[in-house]
Amino acid sequence: MDYKRFDDTILVRMDRGEEILEQVKAVALKEQVTLASVQALGAINDFTVGVYNVAEKKYYANDFKGSFEIVSLTGTIDTMNDGFYCHLHLSAGNERGQVFGGHLNRAVVSATCEMVIRLIDGKIDRKYDDETGLNLFYFA
Numbered sequence: 022m023d024y025k026r027f028d029d030t031i032l033v034r035m036d037r038g039e040e041i042l043e044q045v046k047a048v049a050l051k052e053q054v055t056l057a058s059v060q061a062l063g064a065i066n067d068f069t070v071g072v073y074n075v076a077e078k079k080y081y082a083n084d085f086k087g088s089f090e091i092v093s094l095t096g097t098i099d100t101m102n103d104g105f106y107c108h109l110h111l112s113a114g115n116e117r118g119q120v121f122g123g124h125l126n127r128a129v130v131s132a133t134c135e136m137v138i139r140l141i142d143g144k145i146d147r148k149y150d151d152e153t154g155l156n157l158f159y160f161a
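The numbering of the sequence shown is my numbering, which starts it at 22 and goes up by one.
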């Protein structure tokens, strides 16, 4: 991975074999990012995405292996209990144009991942919500 910061924007290049969430965390901690929006594209070959069932308060994971293009990777970097927190969603398409996606649990880069992290001036923490079972934005 390599990256460069331009004022309120960080451009990241992730390389073959790197796991996307690990690299996002590494950049965010090194650059002391506490609030940002994230978007990316690239190619992956092994990923897990989840779909949340609100009634059950449970994620269902789906694993995929093969050649996939990232159609969309979007989300936020923020904090929970003043520590790093990241919430990303991924859509990825295969060679037939079929797209699969959901909450990103893990994704391994097969060629490259080009990411833009747009820093937001401020801080938003997260707090567990009993009703939904999710860690939601908390505006103190």
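In this text, a Cβ means the ideal position worked out from N, Cα and C, and glycines have one as well.
Can you tell me which residues form a DSSP beta bridge with residue i?
{"i": "Val130", "result": "Ile65"}
{"i": "Ala74", "result": "According to the sequence shown, residue 74 is Asn rather than Ala. Asn74 pairs with Lys79."}
{"i": "Ser112", "result": "Ser93, Gly122"}
{"i": "Val33", "result": "Tyr24, Met136"}
Helix, strand or coil: how does DSSP classify residue i here?
{"i": "Lys148", "result": "strand"}
{"i": "Gln60", "result": "strand"}
{"i": "Ile141", "result": "coil"}
{"i": "Gly38", "result": "coil"}
{"i": "Thr100", "result": "strand"}
{"i": "Gly87", "result": "strand"}
May I have the straight-line CA-CA distance separating residue i from residue j, to the nearest angstrom?
{"i": "Ala64", "j": "Val75", "result": "30 Å"}
{"i": "Leu111", "j": "Ala82", "result": "13 Å"}
{"i": "Thr95", "j": "Ala161", "result": "25 Å"}
{"i": "Ser88", "j": "Arg37", "result": "13 Å"}
{"i": "Lys46", "j": "Gly118", "result": "30 Å"}
{"i": "Tyr106", "j": "Glu77", "result": "23 Å"}
{"i": "Ile31", "j": "Lys79", "result": "33 Å"}
{"i": "Asn156", "j": "Glu116", "result": "35 Å"}
{"i": "Ile91", "j": "Ile141", "result": "24 Å"}
{"i": "Asp29", "j": "Met22", "result": "19 Å"}
{"i": "Cys134", "j": "Gly123", "result": "18 Å"}
{"i": "Gln53", "j": "Lys86", "result": "33 Å"}
Tell me which residue opens and which closes the alpha helix (DSSP H) that residue i is part of.
{"i": "Val48", "result": "41–51"}
Just reading off the beta strand (DSSP E) that residue i is part of, what are its end residues?
{"i": "Phe160", "result": "Here Phe160 belongs to no beta strand (DSSP E), and DSSP marks it neither H nor E."}
Discussion item. Pairs of beta-carbons, one from the segment 101–119 and one from the segment 129–136, closer than 8 Å: are there three or more?
Written reply: No, the segment 101–119 does not touch the segment 129–136.
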